[in-house]
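Numbering (the working numbering), first residue to last: 248 to 767. Virtual Cβ for every residue (Gly too), placed ideally from N, Cα, C. Right, one structure below, let's go through it.
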């Protein structure tokens, strides 16, 4: 029954009429369940996402972790950021709706700028990743035309298009250590045996690990054999598989160990060829002369000669540990197109794209697969997944995969992906986080599309028919004509919280009450 932490967020932003945010206050209440587990860390991580995405000089936040008589929540994919992005990006669309601003232009103008520096993590924004991602997604989804097409709709079935941004830290430094160890051994046939403390858990890490080793040493990808049994009796130390850290953090150890191995190999090549080491190179498993690329010997031939010569016989291996003291921001955007059947209280996802800047792509196919999986989880968080309880007994009602509604390929359209490849300067291979980021922004993008379609701000996830019924009824979209008019008037009065004082606008949005995959 481990689920995401349900977090209730109350956000107040002080905003000028042109959209400039001058101050923000946020309060967060997290449902830990019966035990703390990761609760404090998840809330801290989520709250930490607020100041950076839309930097504001005056910001204060408070958080409370609450114990309740429910199963303990856990460290689910993206660790508090989906909850935070649902709150923040819903709040942003509430602001632009009330001030009659364009949601795309607002984000383009006010999101994290190029050169932004974070004093805590020491991260710096080296590329204009958010705007590049937004521009690419906007073009692919035909956003401007659809945004105009779906304005001022009437009728029972309406369409809308919405967007949401996200940012995500790579790994957890400086909160905790980030250490990786790589061990390489050269086999007699010239292939490389590779071991590392990081773990293959289905995300394709072993493939990426082999690609990085091949590049660092100078051998062919198919000649790298990864020892994939992470047994602490034999495997070198690594901090673990969490926090979208593995490719980024392990790349430092791989590059360092690969350089040591490469230097040893070229040293032996110097012994055998009598040529200065600086004139030699190792390319795709062959010792070559730099000046003309002439192949002098294969790596297999070199190993055989070294191993079976009295004067030089030794095992060629390298091992090193790297403790990473840097971090990197990953960025992206989701744009969602929905069709809302108001009488049926159903939101159907018609189209969606995620565009990411996750640095240099080591393996584009695996990267796309990561994004597809993360998007599907984000869609489930936004539309379907909720842990239900018997109000009298407290018993979980849907503790099985028949009743706990996970989205399948039948429940969402073909998912679009895009990448903005900006090499991360702190990384030896230009990489940064991708495992968890795709989950962060689909839910608020869907929510904001529903807002455009219906004018109703749905502040609770998942946005199930039950939740839409409550919100549509409150907004005056359901019921008799007299009931609708009364509710619509009350709803508009409730929404009208923008007050102009001395040329500034104060916008208060109770946004949103999060029900992640999900506790209610």
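Query, Result
"By how many angstroms is the C-alpha of residue 562 removed from the C-alpha of residue 436?", "13 Å"
"Thinking C-beta only, is residue 667 closer than 7 Å to residue 604?", "yes"
"Return the CA-CA distance between residue 333 and residue 439, expressed in angstroms with no decimal places.", "46 Å"
"Assess, as a yes-or-no matter, whether the stretch 290 to 299 is touched by the stretch 324 to 343 under the definition of 3 or more beta carbon pairs within less than 8 Å.", "yes"
"If I measure Cβ to Cβ from residue 590 and keep anything under 8 Å in the same chain, skipping five residues before and after, which residues do I get?", "403, 725"
"Based on Cα-Cα distance, which residue from 414, 381, 513 lies nearest to residue 363?", "414"
"For residue 507, which option in 431, 714, 339 has the closest C-alpha, if you only look at C-alpha atoms?", "431"
"Would you call residue 572 buried or exposed, if buried means 16 or more other Cβ atoms sit within 10 Å of its Cβ?", "exposed"
"Just confirm the distance between the C-beta atoms of residue 512 and residue 594, as a whole number of angstroms; I'd bet it's less than 8 Å.", "Incorrect: roughly 59 Å between the Cβ atoms, too far for contact."
"Counting pairs of Cβ atoms below 8 Å between the stretch 547 to 555 and the stretch 573 to 588, do you hit three or more?", "no"
"Quick check: residue 664 and residue 618, are their CB atoms within less than 7 Å of each other?", "yes"
"Among the residues of its own chain, which have a CB less than 7 Å from the CB of residue 829, if the five just before and after it don't count?", "Residue 829 lies beyond the stretch modelled for the chain, which goes from 248 to 767, so this question has no answer here."
"Can the beta-carbon of residue 407 be found less than 7 Å from the beta-carbon of residue 445?", "no"
"Taking residue 466 as the reference, which of 624, 529, 341, 289 has the closest Cα?", "529"
"May I ask you to report which of helix, strand or coil DSSP gives residue 399?", "coil"
"In the DSSP output, what is residue 310 paired with across the bridge?", "275"
"Measuring CA to CA, which of 535, 662, 410, 718 is closest to residue 353?", "410"
"Closer than 8 Å is the cut-off here; do at least three beta carbon pairs connect the stretch 644 to 658 with the stretch 578 to 588?", "no"
"Quickly, what does DSSP pair residue 566 with across the bridge? List them, please.", "430"
"So, does the stretch 301 to 318 touch the stretch 369 to 380, judging by three or more C-beta pairs under 8 Å?", "no"
"Keeping to the same chain, check which residues put their C-beta closer than 7 Å to that of residue 482; ignore five residues upstream and five downstream.", "442, 444"
"What separation, rounded to the nearest whole angstrom, lies between the Cα atoms of residue 284 and residue 250?", "12 Å"
"Identify, in the order they occur along the chain, each residue of the same chain with its Cβ nearer than 7 Å to the Cβ of residue 762, setting aside the five sequence neighbours on each side.", "Confidence at residue 762 is low in this model, with a pLDDT of 37, below 50, so its placement is unreliable and the value that follows should be read with caution. Contacts found: 253, 633, 707, 708, 709."
"List the whole-angstrom C-beta distance separating residue 578 from residue 376, where the pair is believed to meet the contact cut-off of C-beta under 8 Å.", "4 Å"
"Would you identify the three-state DSSP class for residue 695, choosing helix, strand or coil?", "helix"
"Since residue 455 and residue 613 are thought to touch, with beta carbons under 8 Å apart, how far apart are those beta carbons, to the nearest angstrom?", "7 Å"
"Could you tell me the boundaries of the beta strand (DSSP E) in which residue 260 lies?", "253 to 262"
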